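Asker: Residues 136 to 371, numbered by our numbering, are exactly what the sequence shown covers, in order. All residues carry an ideal CB built from backbone N, CA and C; glycine is no exception. Because the structure is a prediction, the values reported are computed rather than measured. Dumping the structure here so I can ask a few things about it.
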Amino acid sequence: MYLSFGGVHAVRDVSLTVATGEILAIIGQNGAGKSTFLNMCTGYLRPERGAIRIAGRSIVGLKPRAIARLGVARAFQHPQIFPQRRVVDHLRFASVAGRPGFWNPFQPLDSPRSARNVAELLAFFGLDELAEQTVRGIPEGARKLLDVAMALALVPKLILLDEPTSGVSSAEKVGLMTRLVAALRAREVSAVFVEHDMDVVARFADRVAVWVDGELFRVGAPEAVLADPEVKERVL
Ligand SMILES: Nc1ncnc2c1ncn2[C@@H]1O[C@H](COP(=O)(O)OP(=O)(O)O)[C@@H](O)[C@H]1O
Ligand SMILES: [Mg+2]
136 MYLSFGGVHA VRDVSLTVAT GEILAIIGQN GAGKSTFLNM CTGYLRPERG AIRIAGRSIV
196 GLKPRAIARL GVARAFQHPQ IFPQRRVVDH LRFASVAGRP GFWNPFQPLD SPRSARNVAE
256 LLAFFGLDEL AEQTVRGIPE GARKLLDVAM ALALVPKLIL LDEPTSGVSS AEKVGLMTRL
316 VAALRAREVS AVFVEHDMDV VARFADRVAV WVDGELFRVG APEAVLADPE VKERVL
């Protein structure tokens with residue numbers, strides 16, 4: 136796929152397939168085109184050329200909401216949340232938003248199935264104790280967890296995470312990723328995450344893709360890619 140912004144090649148000649156249940160990390164310097172790539176995969180930006188398919192189906196030109204309905208979820212570098220609402224409300228909303236009938240005012244927000252899903256996610260991400268608190272008052276690490284839990288609430292096929300551990304203390308990073316990866320593995324959800332911490336990459340990714348100047352420079356097993364002298368020189 137290819138996309139430029141006024142002469143800047145943000146993403147070019149990237150060709151990448153993610154397997155079911157696979158966890159792929161994207162690394163690369165600032166401005167390499169990582170976020171642009173994720174934004175194209177979720178319909179926030181449209182590639183000028185190329186194809187993007189989810190489970191064989193082309194998604195180029197679809198609106199973000201339509202892509203989400205096909206099973207592509209995303210979490211943001213800066214979580215999209217409502218500070219004055221409670222943690223549990225975010226998950227309730229996320230677990231029904233995008234479902235057919237969501238915009239029907241007669242559809243109950245709290246079906247038993249969605250309530251179970253919310254309870255499971257709260258437990259899985261260790262958010263039970265914060266469930267009744269407003270998001271304004273919870274730590275940054277918990278906010279990140281909530282954002283990821285919200286993305287998982289609809290049981291997507293693929294989740295895209297832009298720097299899930301940014302702004303999280305090194306002590307909290309491993310806990311966040313351990314919970315996230317366990318949740319992904321339990322549900323066989325594929326994931327692509329942008330990450331700057333190479334310890335996190337080495338520990339949690341099945342494969343690593345290296346972005347350099349909008350291009351896919353390397354992709355492979357973390358041990359091989361992170362030890363590659365050219366990768367070290369250009370990225371690390
Ligand atoms: N909306 C935009 N308008 C113009 N240029 C952009 C826009 N978004 C990103 N870019 C440019 O595209 C390139 C890739 O950016 P980005 O995908 O954000 O990189 P990364 O996430 O790897 O740091 C950069 O040169 C950036 O300045
Ligand atoms: Mg970015």
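1. Considering just the uninterrupted stretch of the beta strand (DSSP E) at D297, what are its terminal residues?
2. Helix, strand or coil: which one does DSSP assign to L159?
3. Would you say the beta carbon of F172 comes nearer than 8 Å to a heavy atom of ligand 1?
4. What runs of the beta strand (DSSP E), each 3 residues or longer, lie entirely inside the region 180-239?
5. Using a C-beta cutoff of 9 Å, does L151 count as contacting chain C?
6. Identify which residue in G272, A356, S246 and R221 has its Cα closest to the Cα of L257.
7. Should E350 be listed as close to ligand 2, given that the test is whether its C-beta is under 8 Å from any heavy atom?
8. Is the closest heavy atom of ligand 2 to the C-beta of D224 under 8 Å?
9. Between the beta-carbon of G178 and the beta-carbon of K198, is there less than 9 Å?
10. For G141, count neighbouring Cβ atoms within 10 angstroms of its own Cβ and tell me buried if that reaches 16, exposed if not.
11. Could you please give the first and the last residue of the uninterrupted beta strand (DSSP E) stretch that includes L351?
12. Given a threshold of 16 other Cβ atoms within 10 Å of its Cβ, counted over all protein chains shown, does S170 qualify as buried or as exposed?
13. Out of curiosity, what's the CA-to-CA distance linking L425 and L319?
14. Please report the residue range of the alpha helix (DSSP H) in which F259 lies.
15. Answer with buried or exposed for L371, where buried requires no fewer than 16 other C-beta atoms within 10 angstroms of its C-beta.
16. I'd like the list of long-range same chain contacts for A286, defined as Cβ closer than 7 Å, with 5 residues on each side in sequence excluded.
17. Give every residue of the same chain whose Cβ lies closer than 7 Å to the Cβ of D332, excluding the five residues on either side of it in the sequence, and list them in chain order.
18. Mind checking S249: buried by the 16 CB within 10 Å criterion, or exposed?
19. Of the choices L281, M175, R181 and F259, whose alpha-carbon is the least far from that of H225?
Answerer: With the given structure in hand:
1. L293 to D297
2. strand
3. Closer than 8 Å to some heavy atom of ligand 1: that describes the Cβ of F172.
4. Considered as a whole, the region 180-239 harbours 207-210 as its complete beta strand (DSSP E) runs of no fewer than 3 residues, in chain order.
5. Absent from the structure is chain C; it holds one protein chain and no more.
6. R221
7. no
8. no
9. yes
10. exposed
11. E350 to G355
12. So S170 counts as buried.
13. Here the chain covers residues 136 to 371 and nothing more, so residue 425 does not appear.
14. P247 to F259
15. exposed
16. A208, R209, A210 and I294
17. T300 and K308
18. Buried, by the Cβ-count rule.
19. Closest option to H225, Cα to Cα, is L281.
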